[in-house]
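In mature numbering (1 follows the signal peptide of the UniProt record, and there is no 0), the protein residues as written are -35 to -1, 1 to 407.
Glycine included, each C-beta is placed from N, C-alpha and C at the ideal position.
Here the structure comes first, spelled out in C-alpha cells, and everything after it is commentary.
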Amino acid sequence: MTSRKQSRRSFMKTAAAGLPLACLAPGVFVNTARAASKSRNANERLKIGSIGMRYQGSVIADKAQEYGDIVAIADVDREIAEKARKQFGGKATLFEDYREMLEKADIDVVTIGAPDHWHTKMLIDACRAGKDVYCEKPLTLTVDEGKILNRVVKDTKAVVQVGTWQRSDHRFRQAVEMIHDGRIGNLKKVTVTLSKNKTGGPFKPEPVPSVLNWDLWQGQTPDVPYIKERCHYTFRWWYEYSGGQMTDWGAHHIDIAQWGAGMQDTGPVDIEGTATFPHVENGYNVALDYHLKARYANGVVLEVNDTGRTGVMFEGDQGRMFVNRGTIAGKPVEDLKQNPLPREKFKIYAHDNLSRPPRMGKLDAIVNHMGNFFDCIETRETPISSVQNQHRSVSVCHIGNISQRLGRKLTWDPEREQFVGDDEANTWLKREQRKGYEITDS
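Rendered as C-alpha cells:
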C-alpha cells in the first residue's frame, strides 16, 4: 500500500517542538476500500490510529474498524487509553502524546475524538504526516484556524471527513434535498433552536490525577490549575476550550441551515447576537441565555434560539418544514406520498453510494458517514462533510459567539472572512496560543 508519508523522524522533531512543518508532496492510497473488504486478509487491511477515546472517540473508532484495524491509540488520560485498548481487542499500541503516535506507529488513517481546542492542530499534523482523517466536530476553535486548515488540506490532498454526521442522516438529507428541489418555494428564513448552556461553579482546583497529563490536555490554551470540570465532557462550557451550545450543537444544526440555504461555501453578511453571561470565578463562562440573527446575501435570514423544540425550521414562500434527530414534518413531507423524491434524484452531493441503505439516528447515521469517508479514501473524492464546508458552518458559530460577547451587530465579509470596519472584532478571529502548541500553515 502506498501512502503519503513524511520522514517520521523529521515529522516528530518539528511537531513536538511546535515548529512549522513543511507541506508534503501528495501520494495516493490504493486498494483501500477493497482492502477493507471482509474477504481480504487481515494484514492487507488499513491500519487506524485513534486519538481521544472518551466516548465519542470510541464511537467513531468502533465505526471505523469495519474498514481497518485499530492498531494505535493516543490519549492523555492513561485510564481512558487502557480502557479503549481493551475495547478494541487489547493489541493496540498506546501513546500519551498523539505526535509520538504519528511519528512511530505504522498507520494509514487517523480518527480524532479529542476536545474541541485540539481538533485543528491534530488534524493538521495528521495531514502533514500523510494520513487521511476523520475528525470530530466542531472543526475549529477560531475562524483563523479554519483558514489555515483549508490551505493545509488543499496542499496535502488529504481526505478529511468532519463528524457532522447529520449530513448522512436520511431525515436531514431529505429535508435539504427537498428545499433545493423547490418543495417549499423560495427559502426565506431558517430558525435553529439549540439547548441552553450548562451553568455551574465556583469549582475548586484539585491535584491533577496521576493518570492525566494536564499540561498536554490544555494544549494551546492558557495554563491554569486543574479543575475536573474543565476536563473531559464538561470542557464545552468554557470558552477557553469550546463555544458552548453554539459550537457544540450549532456545528450540526447551523450546518444543516447553511446547506439548505445553499450557503455552505460562504457565510452571512451581517450578524447580531445578544446574550447574558455568568460571572462566577472558576465557573462555567458560556452564555446563560442567547439569541442570534444573521442575514445572507441571497436574502435568507437565520435565527438561532436557545428556547423551544431543538431542531431546524425552514420557511419558504410556499410552505415550511421542520427537521430534527427524531422528526421530519410539514405539508411538503406529507406530499411525498403523491410526489416522491427518491434518493436516486438527490443532487446536492455528487459522490453518493446508493448501495448503503438510508439510516437515521446518531449511531446508525455515523455508519453511513464513516462509510462515505472510506469510500472517498479510495476514490480521492471530497467527503460529504468536508473541511471547506464545515469551516464555513462553524465560522457562523464563532462569529455569532463574538457578536454575543461584544454585544453588538457586526458586518461580515464572507469573501475576506473578516469583520468590516471593526478592528476590535477582528482581533477575536484568532487567539493567543501557548508556546509549543502553535498552529501554523507553513
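Exercise. With His256 as the anchor, note down where its beta strand (DSSP E) starts and where it stops.
Key: 254 to 260
Exercise. Measure the CB-CB distance between Ala29 and Met335 and report whether it falls below 8 angstroms.
Key: yes
Quiz item: Apart from the five residues on each side of it in sequence, which residues of its chain come closer than 7 angstroms, Cβ to Cβ, to Gly209?
Solution: Asn162, Arg201, Trp202, Val251, Ala252
Quiz item: In angstroms, rounded to a whole number, what distance separates the CA positions of Ser368 and Ala240?
Solution: 9 angstroms
Quiz prompt | Tyr206 (DSSP reduced to helix, strand or coil) | solution = coil
Quiz item: According to DSSP, is Tyr63 helix, strand or coil?
Solution: helix
Quiz item: Just reading off the beta strand (DSSP E) that Ile349 is part of, what are its end residues?
Solution: Note, Ile349: premise wrong, no beta strand (DSSP E); not H, not E.
Quiz item: DSSP state of Ser23, grouped into three classes?
Solution: helix
Self-check item: Rounded straight-line distance, which links the Cα of Glu68 to that of Ile293
Solution: 46 angstroms
Quiz item: Hey, Asp62 and Ala39: beta-carbon distance below 8 angstroms or not?
Solution: yes
Quiz prompt | Minimum C-alpha distance to Gly17 - residue among His356, His197, Asn115 | solution = His197
Quiz item: So, do the region 151 to 158 and the region 126 to 143 have three or more beta carbon pairs nearer to each other than 8 angstroms?
Solution: no
Quiz prompt | Cα-Cα separation between Asp134 and Ile349, rounded to whole angstroms | solution = 11 angstroms
Practice problem: May I have the straight-line CA-CA distance separating Gly14 from Pro243, to the nearest angstrom? | Solution: 39 angstroms
Quiz item: Closest by CA to Ile342, which one among Thr231, His84, Ala123?
Solution: Ala123
Practice problem: Return the chain-ordered list of same chain residues with a C-beta closer than 8 angstroms to the C-beta of Thr85, the five sequence neighbours on each side being excluded. | Solution: Leu104, Thr105, Leu106, Glu110, Gly111, Ile113, Leu114, Ile404
Practice problem: Quick one: which unbroken alpha helix (DSSP H) runs of 4-plus residues sit fully inside the region 159 to 243? Chain order, please. | Solution: 179 to 183, 210 to 213, 215 to 226
Self-check item: Simplified DSSP assignment, three categories, for Ala330
Solution: helix
Quiz item: By how many angstroms is the C-alpha of Met87 removed from the C-alpha of Met(-24)?
Solution: Residue placement at Met(-24) cannot be trusted, given a pLDDT of 41 that sits under 50; the coordinates are not used to answer.
Practice problem: Pair every Cβ in the region 349 to 366 with every Cβ in the region 217 to 226, then say whether three or more of these pairs are closer than 8 angstroms. | Solution: yes
Exercise. Tell me whether Gln126 sits in a helix, a strand or coil according to DSSP, three-state version.
Key: strand
Quiz item: Should Leu159 be flagged as near chain B, meaning a C-beta pair shorter than 8 angstroms?
Solution: Among the protein chains of the structure shown there is no chain B, as only one such chain exists.
Quiz item: Excluding the five sequence neighbours on either side, which residues of its own chain have a C-beta within less than 7 angstroms of the C-beta of Arg357, listed in chain order?
Solution: Gln223, Gln229, Asp230, Thr231, Gly232
Quiz item: How big is the Cα-Cα spacing for Lys374 and Thr392?
Solution: 16 angstroms
Quiz item: How many angstroms separate the CA atom of Asp406 from the CA atom of Lys119?
Solution: 11 angstroms
Quiz item: Taking buried to mean at least 16 other C-beta atoms within 10 Å of its own C-beta, is Asp282 buried or exposed?
Solution: exposed
Quiz item: Going by alpha carbons, who is nearest to Arg43 out of Glu280, Asp34, Phe60, Gly33?
Solution: Phe60
Exercise. Work out the CA separation of Met286 and Arg370 for me, nearest whole Å.
Key: 31 angstroms
Self-check item: Per-residue DSSP class, three states only, for Val361
Solution: helix
Quiz item: Can you tell which of Ala37, Val141, Tyr191 has its C-alpha closest to the C-alpha of Gly54?
Solution: Ala37
Practice problem: State the CB to CB distance for the pair Gly326 and Arg290, rounded to an integer number of angstroms; the pair is presumed to be in contact (CB under 8 angstroms). | Solution: 7 angstroms
Quiz item: Any idea if Ser320 is buried or exposed, counting beta-carbon neighbours within 10 angstroms, 16 or more meaning buried?
Solution: exposed
Quiz item: What residue ranges within the region 41 to 94 form continuous beta strand (DSSP E) runs of no fewer than 3 residues, ordered along the chain?
Solution: 58 to 60, 74 to 77
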